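Input: a single structure, listed below in structure tokens.
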Amino acid sequence: MSCTIKSENISKSFGTKKVLDSIDLDIHSGEIFGLLGPSGAGKTTLIKILTGQLSQDSGAAYIGDKDTRMLTGADHKRFGITMDNFGLYERLSCTENLKIFARIYGLPNNSISGALAKVGLTDAAKTPAGKLSKGMTGRLKLARAFMTDPDILFLDEPTSGLDPVSADEIHKIILSEKARGKTVFLTTHTMTEAEKLCDNIALLNEGRIVEYGMPAEICRRYDHQRMLKIHLYDGRDMELPHNRDAAAVLAELIADGKAETIHTTEPDLETVFMEITGKELSA
Amino acid sequence: MKNICAVFLKQVSDTLKNKTVLIQFLMFPVLVIIMENAVKIEDMPEHFFARLFAVMFVGMAPLTCMSAIISEEKEKNTLRVLMMSNVKPAEYLLGVGAYVFVMCIAGTVVFAVVGGYSGADLALFIAVMSAGIILSELTGAVIGVFSRNQMTATSITVPVMMIFSFLPMLSMFNDTIRTAARVTYSQQLSELINGIGTTAVSAESVVVISINFVLAVVLFTVAYRRKGLE
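What follows is the structure, given as structure tokens:
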């Protein structure tokens with residue numbers, strides 16, 4: 039499968055602070071890639087470099103086979119970007135907001151209604167952007183990113199600050215874009231979002247990638263965190279490591295008729311990240 | 003050209019819903035119609051208010067509108083989105099600048115009609131006003147580019163706008179102020195407008211306006227190089 043987004047040894051500093059340190063990524067066509075990390079880990083800086091908004095100090099980044107420092111207007115048309123700090127014209131309606139970009143991209147007017155329909159904002163087409171709820175604002179930003187029907191979507195924290203229902207709506211939109219063969223690069227600090235959406239993820243901490251791969255595969259690497267949770271008839275709970283030593287204890291509990299329920303806990307990305315960095319993802 | 007048109011049309015839609023900017027274009031043209039028809043004082047020069055308000059309009063409207071529009075787009079990060087959509091900084095500035103220019107020329111037409119200009123006097127009036135609008139736009143753009151947000155822009159715009167729009171009026175009452183104000187383009191615009199039909203265009207006015215223009219361009223270049231449009 040061809041590599042759509044590639045970064046080779048990218049480093050970036052602001053003043054004396056190193057924000058990105060030797061970042062290598064290979065993101066294939068048609069996959070959803072998630073970059074996870076706590077606030078300040080360098081996620082937005084990396085997305086800016088990959089979209090040509092910012093130049094790296096060293097290393098190289100490519101969209102297709104083109105260096106991101108050489109991207110032109112035609113290249114920008116190939117990818118849609120939503121960033122948390124990308125604004126909307128608050129006095130203008132959803133349609134008027136999109137009309138600006140339809141003119142810039144030379145798109146027909148029906149592209150506006152198509153983009154609004156795709157994110158479920160047809161009924162709010164005439165509502166000023168400033169009067170939309172946070173979830174609808176997020177969807178309008180997605181509609182703007184979808185206008186050119188781009189091959190690649192860069193979504194910077196697309197569900198940040200949203201309630202679970204609004205976040206779920208955006209997840210469905212992202213998954214439908216993947217089903218249409220689009221490549222999605224998203225940043226998030228929500229591990230459930232990454233586990234639900236992403237084919238591959240990278241865990242970013244203090245500018246360095248500390249883990250990389252499929253979410254389930256990464257969790258399996260930290261299998262030693264798997265625990266046996268036993269609830270006893272006397273109301274107590276026990277936790278045992280998932281190993282041979284636990285088997286004898288467990289057999290005894292069962293033989294004595296003390297164990298009411300037994301289940302295993304799998305490590306998730308949050309606990310993996312905690313183990314690697316000593317920090318919480320949502321920090 | 004396509005992007006300049008898109009920015010221009012965006013500004014048309016936005017300003018119709020932006021009372022702060024819209025009032026700048028309407029205030030003095032409406033005021034001049036009222037004052038010219040309502041106030042008649044003996045010995046007052048003919049079309050006094052048309053000439054006075056035309057200079058105030060040119061020193062205020064383009065300057066405040068440019069700084070307000072640019073600083074708002076920077077603060078709300080809409081400018082970043084435009085830049086990411088392949089709108090070049092020059093295209094953005096030309097689009098917004100063209101819009102402000104057209105709106106101010108519409109106001110100028112009101113002043114010209116109320117002021118009773120016709121023929122060569124009308125052409126000279128519009129030429130003088132156009133030069134003033136461009137200079138004020140450049141000054142407003144410098145403030146907009148320099149400011150991070152609307153609050154910073156307003157705090158710089160108000161004193162600068164007061165200097166350029168009110169000095170010509172104050173200089174009518176005080177010779178010292180008039181002497182000092184001669185280095186500003188708005189005072190020279192005032193002298194030119196008041197001299198239409200009676201005095202030839204002075205070399206001093208042309209030189210001062212030209213120097214002001216060069217200074218505005220230099221300031222804009224410095225501000226743009228230091229701050230950019232983001």
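Taken in order, these protein sequences are the chains called V and P.
In terms of the working numbering, the first sequence opens at residue 39 and continues consecutively.
In terms of the working numbering, the second sequence opens at residue 3 and continues consecutively.
From the three backbone atoms N, C-alpha and C, an ideal C-beta is built for every residue, glycine too.
In this text the structure is predicted, and so the values were computed from the model without any measurement.
Residue i classed as buried or exposed, judged by whether at least 16 other C-beta atoms fall within 10 angstroms
{"i": "P:Leu18", "result": "exposed"}
{"i": "V:Gly78", "result": "exposed"}
{"i": "P:Ser188", "result": "buried"}
{"i": "P:Ile136", "result": "buried"}
{"i": "P:Tyr119", "result": "buried"}
{"i": "V:Asp306", "result": "buried"}
{"i": "V:Met39", "result": "Confidence at V:Met39 is low in this model, with a pLDDT of 45, below 50, so its placement is unreliable and no value can be given for it."}
{"i": "V:Glu231", "result": "buried"}
{"i": "P:Phe175", "result": "exposed"}
{"i": "P:Phe59", "result": "buried"}
{"i": "V:Arg177", "result": "buried"}
{"i": "P:Ala143", "result": "buried"}
{"i": "V:Arg282", "result": "exposed"}
{"i": "V:Glu290", "result": "exposed"}
{"i": "V:Ala254", "result": "exposed"}
{"i": "P:Pro31", "result": "buried"}
Nearest to residue i (by Cα), restricted to the options the options
{"i": "V:Thr54", "options": "V:His114, V:Asp95, V:Val287 and V:Thr309", "result": "V:Asp95"}
{"i": "P:Arg228", "options": "P:Phe166, P:Ser149 and P:Glu193", "result": "P:Ser149"}
{"i": "V:Pro188", "options": "V:Ile138, V:Ala112, V:Leu159 and V:Leu178", "result": "V:Ala112"}
{"i": "V:Val157", "options": "V:Asn281, V:Leu145, V:His209 and V:Glu134", "result": "V:His209"}
{"i": "P:Leu95", "options": "P:Thr200, P:Glu139 and P:Ala125", "result": "P:Glu139"}
{"i": "P:Met163", "options": "P:Gly197, P:Ala40, P:Ile195 and P:Ala63", "result": "P:Ala63"}
{"i": "P:Thr141", "options": "P:Leu124, P:Thr223 and P:Asn151", "result": "P:Thr223"}
{"i": "V:Asp62", "options": "V:Glu134, V:Val310, V:Gly316 and V:Glu46", "result": "V:Glu46"}
{"i": "P:Ile145", "options": "P:Ala225, P:Asp16 and P:Val32", "result": "P:Ala225"}
{"i": "P:Met156", "options": "P:Ala70, P:Leu33 and P:Val9", "result": "First, the residue type needs correcting, since residue 156 of chain P is Thr and not Met in the sequence shown. Comparing Cα-Cα distances from P:Thr156 to each of P:Ala70, P:Leu33 and P:Val9, the minimum goes to P:Ala70."}
{"i": "V:Leu180", "options": "V:Leu154, V:Ser149 and V:Arg274", "result": "V:Leu154"}
{"i": "V:Gly295", "options": "V:Leu136, V:Asn238, V:Phe311 and V:Leu270", "result": "V:Leu270"}
{"i": "V:Ile65", "options": "V:Gln91, V:Ile101 and V:Arg259", "result": "V:Ile101"}
{"i": "V:Pro196", "options": "V:Leu170, V:Ala217 and V:Phe223", "result": "V:Phe223"}
{"i": "V:Ser60", "options": "V:Glu308, V:Asp275, V:Ile247 and V:Gly251", "result": "V:Ile247"}
{"i": "V:Thr120", "options": "V:Val287, V:Thr175 and V:Ala183", "result": "V:Ala183"}
{"i": "P:Thr186", "options": "P:Val203, P:Thr200, P:Ile198 and P:Val208", "result": "P:Val208"}
{"i": "P:Gln26", "options": "P:Met171, P:Gly61 and P:Glu38", "result": "P:Gly61"}
{"i": "P:Ile6", "options": "P:Met131, P:Ser87 and P:Lys21", "result": "P:Ser87"}
Neighbourhood of residue i by C-beta, 7 angstroms cutoff - its chain only, sequence neighbours within 5 removed
{"i": "P:Glu48", "result": "none"}
{"i": "V:Thr165", "result": "Ser131 and Cys132"}
{"i": "P:Ser173", "result": "Ile179, Arg180, Ala183 and Gln189"}
{"i": "P:Glu77", "result": "Asn151 and Gln152"}
Residue i (DSSP reduced to helix, strand or coil)
{"i": "V:Lys104", "result": "strand"}
{"i": "V:Met265", "result": "strand"}
{"i": "V:His66", "result": "strand"}
{"i": "V:His209", "result": "helix"}
{"i": "P:Asn39", "result": "helix"}
{"i": "V:Leu242", "result": "strand"}
{"i": "P:Ala125", "result": "helix"}
{"i": "P:Lys4", "result": "helix"}
{"i": "V:Gly97", "result": "strand"}
{"i": "V:Leu270", "result": "strand"}
{"i": "V:Thr302", "result": "strand"}
{"i": "V:Met39", "result": "Confidence at V:Met39 is low in this model, with a pLDDT of 45, below 50, so its placement is unreliable and the value that follows should be read with caution. In the structure shown, V:Met39 sits in coil (DSSP, three-state: anything other than H, G, I, E or B)."}
{"i": "V:Thr83", "result": "helix"}
{"i": "V:Met252", "result": "coil"}
{"i": "V:Leu180", "result": "helix"}
{"i": "V:Glu128", "result": "coil"}
{"i": "V:Gly118", "result": "strand"}
{"i": "V:Lys55", "result": "strand"}
{"i": "V:Asp283", "result": "helix"}
Beta-carbon proximity list for residue i, same chain, < 8 angstroms, skipping 5 on both sides
{"i": "V:Lys220", "result": "Gly68, Pro188, Asp189, Ile190 and Leu191"}
{"i": "V:Ala360", "result": "Nothing about residue 360 of chain V can be reported from this structure: the residues present for chain V run from 39 to 321 only."}
{"i": "V:Lys115", "result": "Tyr143, Thr186 and Pro188"}
{"i": "V:Tyr127", "result": "Glu134, Asn135, Ile138 and Ala167"}
Any non-hydrogen atom of the ligand GTP closer than 7 angstroms to residue i Cβ
{"i": "V:Gly273", "result": "Here there are no bound small molecules, and the ligand GTP is not part of this structure."}
Nonlocal neighbours in the same chain, by C-beta distance under 6 angstroms from residue i, ignoring five residues either side
{"i": "P:Met3", "result": "none"}
{"i": "P:Cys106", "result": "Ala63, Pro64 and Ile135"}
Per-residue contacts from residue i into chain A (C-beta, under 9 angstroms)
{"i": "V:Phe124", "result": "The structure shown contains no chain A; its protein chains are V and P."}
Length-filtered (3 minimum) beta strand (DSSP E) runs lying within the stretch 135-171 of chain V: For the stretch 135-171 of chain V, not a single whole beta strand (DSSP E) run of length 3 or above is found.
In chain order, each alpha helix (DSSP H) run of at least 4 residues that lies wholly inside the stretch 130-206 of chain P: Fully enclosed alpha helix (DSSP H) runs of 4 or longer: 152-172, 177-183 and 187-197.
Entirely enclosed alpha helix (DSSP H) segments - the stretch 18-100 of chain P, minimum 4 residues: Correct list: 21-40, 50-77 and 80-86.
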